[in-house]
Structure formats: C-alpha cells, structure tokens
Amino acid sequence: MRHATPRFLSYLHREPATRPVAIRMKSGDELFPVKDTDSCLLYLKLAERYQQLSSLRENLIAAASEIKVKELRRSVQFSALPVELQKDILLRRLERLDK
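Numbering (full-length UniProt numbering), first residue to last: 1 to 99.
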C-alpha cells in the first residue's frame, strides 16, 4: 500500500534546484547540511516561532544571507517568509558588503 504525500510536503521529494547550504552552530562546527535553499528558509520560518530556537534562527539567517539573490528569487519559501525575516536576511547580506 502506497502512502500519499501531502501536497505541502511534495516539494521535499523533488530534486533541489539550488546549492546545498550548511548550517553552523559555532564557527567551524557544522550542525547539519541543508539540502537546498527552500529547506533552509523553511527551517528558518519554523525556528522563528520558538524563542528557544533563537541561536538556530541566527545561524539560519547567516546561512540564508549567503545564498545568491537569484536563488532567493527562485525560492518557493522566500516569499512565504515573514517580512521581518526577509529584512533580517537582506540586512545581514548588506552588513557583509559594508565590511
């Protein structure tokens, strides 16, 4: 008997169109590799909901800020992020450019 995949999870079963992203808890320590941009942004959206995940949120924002703008535009998840998260990602990107 085959189990049906819910429609909202169907994007997890397709081939990622973007590069892998590694999330780090501390500099140099890899927490887990994220398969693609959409997964990174989905985890970020989930981490935003819980105060206990604030350090993970910061690391996900750092990882998302390194994603190319072209990939962010193509991402299914970026437009679904709250405006506050989109702003944090783009501001982190601008801060890196200022250095």
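Note that the Cβ used here is the ideal one computed from N, Cα and C, for glycine as well.
query, result
"Among residues of its own chain, excluding the 5 on either side of residue 77, which ones have a beta-carbon nearer than 6 Å to its beta-carbon?", "38, 41, 42"
"Would you tell me roughly how many angstroms separate the C-alpha atoms of residue 90 and residue 46, rounded to the nearest one?", "19 Å"
"Label residue 75 either buried or exposed according to how many other C-beta atoms from any shown protein chain fall within 10 Å of its C-beta, with 16 as the threshold for buried.", "buried"
"What residue range is occupied by the uninterrupted alpha helix (DSSP H) comprising residue 52?", "Looking at the DSSP string, residue 52 is not in any alpha helix (DSSP H), and its letter there is neither H nor E."
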